Each structure stands twice: as structure tokens, then as C-alpha cells.
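**Student:**
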Amino acid sequence: MTKADIIEGVYEKVGFSKKESAEIVELVFDTLKETLERGDKIKISGFGNFQVRQKKARVGRNPQTGKEIEISARRVLTFRPSQVLKSALNGEAPPEDHAEIDAREEAAADAAEARGEDFDEEGMEDAEG
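According to the UniProt record's numbering, the sequence shown is numbered sequentially starting from 1.
And the structure:
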């Protein structure tokens, strides 16, 4: 799906003109981009979380030559789908109270980040039953 497809979908479903639909879609993407550039988290209930994480510089290896190279520090964007989206992708019924599950997942992710670990969604699913 492209941005043009999204604009077309807004045009067809909402009934705005194509120009208005394009402006709305552009505004949404600009807002998301500006928020992420500031390093802020984006949480879309029932969809997922976008977060910018800082990766430290590290030593890597060129797979062709085996020579060690330095991989510079950088910011990366991560996306963590919500339980609602995961259920929809797998053809399952959505969880009863997806807002509560989203809140628990976010709390677990924040706790893991504070410990300097990556959050494992699979562990959350097991804990939920």
C-alpha cells in the first residue's frame, strides 16, 4: 500500500475531496514524523507503538572479508504491534479489553527498557494465558 492508496481510501470512505484527503493524510504523516524526530513515543490504541531507540556504537564484522568494522551509534525506529492487531493478523478474536492489555504491554516494555533489555512480546502473551 502506498500513500496514494491511503489518500484514495480516505477519499472514498470519508467523502472529502481528493485534495482535502491528501492534505489530511500528509498532516497525519508529518505529525507522526515530527513526534518521532523529537524522540517521543507514539501509541495508537488497537494498532501499536512506535518508538525511537538509541543504539550504541559496536564492533561488527564484514561478512565477506571477516574484517572487524565499527558500526556507529544511531537511532532506530521500532514498532510493536498491539494484541488487537496481532489477533487480527492471525484471524483470532480480538482480546476482550484491548486497552488494558495495551497498558500492560507498555508497562512491561518500559520496565524492560529501564533495565536495558529488549521487550519480548511473546513472554507477555504467555503471561496473559
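Cβ coordinates follow ideal geometry from the N, Cα and C atoms, glycine included.
For clarity, every value in this text was computed on a predicted model and none was experimentally measured.
Under 7 Å between the Cβ atoms of residue 25 and residue 7?
**Tutor:** Taking the sequence shown and counting its residues from 1, the one referred to as residue 25 is at position 25. Taking the sequence shown and counting its residues from 1, the one referred to as residue 7 is at position 7. With contacts defined by Cβ atoms closer than 7 Å, residue 25 and residue 7 form a contacting pair.
**Student:** Which residue comes first and which comes last in the alpha helix (DSSP H) that contains residue 3?
**Tutor:** Here residue 3 is taken as the residue at index 3 of the sequence shown, counted from 1. Its alpha helix (DSSP H) spans residues 3-14.
**Student:** Could you tell me whether the stretch 32-51 touches the stretch 9-22, where touching means 3 or more Cβ pairs closer than 8 Å?
**Tutor:** no
**Student:** May I have the straight-line CA-CA distance separating residue 4 from residue 57, to the nearest angstrom?
**Tutor:** If you number the sequence shown from 1, residue 4 lands on position 4. If you number the sequence shown from 1, residue 57 lands on position 57. Distance between the alpha carbons of residue 4 and residue 57 is about 37 Å.
**Student:** Just the Cα atoms here: how many angstroms apart are residue 115 and residue 17?
**Tutor:** Start at 1 with the first residue of the sequence shown, and residue 115 comes out as number 115. Start at 1 with the first residue of the sequence shown, and residue 17 comes out as number 17. Distance between the alpha carbons of residue 115 and residue 17: 49 Å.
**Student:** With which residues is residue 55 paired in a DSSP beta bridge?
**Tutor:** Position 55 of the sequence shown, counting from 1, holds the residue named residue 55. Answer is 74.
**Student:** From residue 123 to residue 85, what does the alpha carbon distance come to, in whole angstroms?
**Tutor:** Here residue 123 refers to the residue found at position 123 of the sequence shown. Here residue 85 refers to the residue found at position 85 of the sequence shown. Note that residue 123 has pLDDT 45, beneath the 50 cutoff, so the model's placement of it is unreliable and no number is given.
**Student:** Grab me the residues of residue 21's own chain with a C-beta within less than 6 Å of its C-beta, minus the 5 sequence neighbours each way, in chain order.
**Tutor:** Taking the first residue of the sequence shown as 1, we reach residue 21 at position 21. Once the five neighbours on either side are set aside, the close Cβ partners of residue 21 are 7, 10 and 11.
**Student:** Under a three-way DSSP split, which group does residue 125 fall into?
**Tutor:** Counting from one through the sequence shown, the residue named residue 125 turns up at place 125. In this prediction, residue 125 scores a pLDDT of 41, lower than 50, which makes its location untrustworthy; no coordinate-derived value is stated.
**Student:** Using a 10 Å radius around the Cβ and a threshold of 16 neighbouring Cβ atoms, would you call residue 83 buried or exposed?
**Tutor:** Translated into positions along the sequence shown, residue 83 becomes position 83. Buried is the call here.
**Student:** Using 10 angstroms around the beta-carbon of residue 49, count the other beta-carbons present and answer buried if the total reaches 16, otherwise exposed.
**Tutor:** Taking the sequence shown and counting its residues from 1, the one referred to as residue 49 is at position 49. It is buried - the Cβ of residue 49 has at least 16 other Cβ atoms within 10 Å.
**Student:** When the Cα atoms are used, what is the spatial distance from residue 60 to residue 88?
**Tutor:** As a position in the sequence shown, residue 60 is number 60, starting the count at 1. As a position in the sequence shown, residue 88 is number 88, starting the count at 1. Approximately 37 Å between the Cα atoms of the pair.
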